[in-house]
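Protein sequences, first through last, are from chains A and B. According to my numbering, the stretch in the first sequence is residues 26 to 141, in order. According to my numbering, the stretch in the second sequence is residues 26 to 141, in order. Think of the CB as a built atom: it goes at the ideal place given N, C-alpha and C, for glycine as much as any other residue. Owing to the predicted nature of the structure, the values given are computational and were not obtained by experimental measurement.
Protein chains: 2
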Amino acid sequence: MDTSTVKLNSGEVVNCIKVISDPTRLLMMKLVEKKEYCVCQFVDMFDISQPATSQHLRKLREAGLVKENRRGQWRFYSMNESSPQASIVKGILSQIDEEDQQYLQLLEKEALVDCQ
Amino acid sequence: MDTSTVKLNSGEVVNCIKVISDPTRLLMMKLVEKKEYCVCQFVDMFDISQPATSQHLRKLREAGLVKENRRGQWRFYSMNESSPQASIVKGILSQIDEEDQQYLQLLEKEALVDCQ
DNA sequence: TTTGAATATATGAATTGACTTATATAAAAG
DNA sequence: CTTTTATATAAGTCAATTCATATATTCAAA
Numbered sequence: 026m027d028t029s030t031v032k033l034n035s036g037e038v039v040n041c042i043k044v045i046s047d048p049t050r051l052l053m054m055k056l057v058e059k060k061e062y063c064v065c066q067f068v069d070m071f072d073i074s075q076p077a078t079s080q081h082l083r084k085l086r087e088a089g090l091v092k093e094n095r096r097g098q099w100r101f102y103s104m105n106e107s108s109p110q111a112s113i114v115k116g117i118l119s120q121i122d123e124e125d126q127q128y129l130q131l132l133e134k135e136a137l138v139d140c141q
Numbered sequence: 026m027d028t029s030t031v032k033l034n035s036g037e038v039v040n041c042i043k044v045i046s047d048p049t050r051l052l053m054m055k056l057v058e059k060k061e062y063c064v065c066q067f068v069d070m071f072d073i074s075q076p077a078t079s080q081h082l083r084k085l086r087e088a089g090l091v092k093e094n095r096r097g098q099w100r101f102y103s104m105n106e107s108s109p110q111a112s113i114v115k116g117i118l119s120q121i122d123e124e125d126q127q128y129l130q131l132l133e134k135e136a137l138v139d140c141q
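Here you go:
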């Protein structure tokens, strides 16, 4: 499917950008764009509780922006490339400086986390 | 200035998309992308009060997304093409279907409004 | 088949957001 | 100068959002 040609109605666009107009969820999307992460990694990387992490992921999941992959007792999240909103999300993520301090700090913390 | 190369930090991106993740303000941006509008036109086109209209425009203005042009007792708003967020906003607006019902309805109402 | 680890859901408090009514400002017209 | 028109700001209300604490579910290991 060629997502680059998909047009959304204005309500769908609002719903999509509302979900990622939160510092935690925007950075979660920036991360899952590159690779999949399990919930426990997010809990360690972001300074919020496990329930808060889970609730952010639920919003991203219910909006169709991420897909869930269960392996054992872990749940891995990655970008849902086949959603109609994928191209708008990627367009927004592409505007974030790769040297953004908060993003870099998350990657540093990720290096210290060993999932599984 | 070549806005296409401007990168923002994640906080700036959040602030920008938070402002336009509202149905009224997203459509206002979709309109001012093409031409300038005065406040009284927005009041007639959107089904909200004059203060509500003014408050939406203030948010867009304070975020730097629109610029204000005063002529006589009217204030005209148009997209601020030279803001660092202009490219991200345009990227989002480009994902909205030109045949979006709400957008088309606004254009129909605009035809009936005579400002000045 | 109990225990533990990972994750989700429920609930309530604090914060933020959008709207309305009322009032203020500012420019033009009389 | 006073009135009118366009717009902005202030204050209050109601709804939505985010987080924490507490509890439930799910899966694997013992």
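In this chain, Lys92 (chain A) is not harboured by any alpha helix (DSSP H); it is covered by the beta strand (DSSP E) spanning 91-96. No residue range can be given for Ser119 (chain A), since it is assigned to no alpha helix (DSSP H) and is classified by DSSP as neither H nor E. Spanning the alpha carbons of Ile73 (chain B) and Ile117 (chain A) requires a straight line of approximately 29 Å. Shown here for Cys63 (chain B): same chain residues with a beta carbon closer than 7 Å to its own, the five before and five after excluded, namely Trp99, Arg100, Phe101, Cys140 in chain order. Rounded to whole angstroms, Glu61 (chain A) and Asn40 (chain B) show a C-alpha spacing of 26 Å. Short of 7 Å from the beta carbon of Leu52 (chain A), and not among the five residues preceding or following it, lie these beta carbons of its own chain, in chain order: Gln127, Tyr128, Leu131. Residue environment analysis places Ala136 (chain A) among the exposed positions, since fewer than 16 neighbouring C-beta atoms fall within 10 angstroms of its C-beta. A straight line joining the alpha-carbon of Arg86 (chain A) with that of Met54 (chain A) spans about 11 Å. Below the 9 Å Cβ cutoff, chain A contributes no neighbours of Gln80 (chain B), its closest Cβ being approximately 18 Å away. Taking the Cα of Phe67 (chain B) as reference, the smallest distance to any Cα among B:Ser103, B:Lys43, B:Gly97, B:Leu33 is reached at B:Ser103.
Of all residues in the stretch 34-66 of chain B, those with a C-beta nearer than 8 Å to a C-beta of chain A are Asn34, Ser35, Gly36, Val38, Val39, Ile42, Lys43, Ile45, Ser46, Asp47, Pro48, Leu51, Leu52, Lys55, reading in chain order. Of the residues assessed, Thr30 (chain B) falls on the exposed side of the cut-off, its CB having fewer than 16 other CB atoms within 10 angstroms. Between the alpha carbons of Arg83 (chain A) and Leu90 (chain B) lies a distance of about 30 Å.
A straight line joining the alpha-carbon of Lys134 (chain B) with that of Arg50 (chain A) spans about 37 Å. Using a 10 angstroms sphere on the CB of Gln80 (chain B), the tally of other CB atoms stays under 16, which defines it as exposed.
For Ser35 (chain B), the three-state secondary structure derived from DSSP is helix.
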